[in-house]
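Okay, so here's the structure we're looking at.
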Amino acid sequence: MKQKTIFDQILLGEIPCNEVYSDEKCLAFKDITPQAPVHILIIPRKPIVSLQEIQQEDQALLGHLLLIGTKVANDSGLESWRTVINTGEESGQTVFHLHIHILGGRTLNWPPG
Ligand code: 5GP
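Written out as structure tokens, the structure reads:
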């Protein structure tokens, strides 16, 4: 059986999180090591490893996650923000449960490192 990720443990309530939004499809919470004044993670309840694993049946779920990204960004007072989805180790993915980063509240550099 696949080992539980830290985000599986958060979804199961085994590890606490600073929740900002929750519904039947996803959970949004503050990143434990924020890289900007606002740094929120949105994760699906469905255990998808990364964008590498998505299926046609996930289309509506992925759209929902982006809509919630805009909601939590607006609720945090952001008018400008960056949405990041790291996919695979070389991209910087460290937790292998799909997640969307919402980063804002400061000027962000481009290109990213
Ligand atoms: P990745 O590098 O996989 O794109 O992003 C994983 C993110 O999860 C990192 O920004 C990291 O700070 C965050 N993170 C790791 N463990 C925890 C945790 O236990 N709680 C919270 N809230 N965030 C975590």
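All letters in the sequence shown, in the order written, are residues 42 to 154 by this note's numbering. All C-beta atoms, glycine included, are put in the ideal place defined by N, C-alpha and C. Keep in mind the model is a prediction, meaning the values are calculated, not measured.
Residue i versus the options, residue with shortest Cα-Cα distance
i    : options               : result
Y62  : N115, E94, S91        : N115
Q93  : D99, G129, A77        : G129
G118 : I81, S132, E131, I141 : I81
T111 : K43, P152, I83, G54   : I83
Cβ-based neighbour list, residue i, same chain, cut-off 7 Å, excluding 5 preceding and 5 following
i   : result
I28 : Outside the shown range of the chain, which is 42 to 154, sits residue 28, and nothing can be said about it.
Q76 : L144
D99 : I89
CB contact check: residue i to chain C, cutoff 8 Å
i   : result
Q96 : Structure shown: chain C not included; a single protein chain is present.
Whole-angstrom distance between residue j and residue i, CA atom to CA atom
i    : j   : result
D49  : R86 : 8 Å
L139 : D64 : 16 Å
Local Cβ density within 10 Å of residue i, reported as buried at 16 or more and exposed below that
i    : result
G154 : exposed
I109 : buried
L107 : exposed
L52  : buried
W122 : buried
A69  : buried
I73  : exposed
I141 : buried
I56  : exposed
Expected contact under 8 Å - CB spacing of residue i and residue j to nearest Å
i   : j    : result
I47 : V136 : 6 Å
P78 : G133 : Contact flag wrong, Cβ pair sits at about 20 Å.
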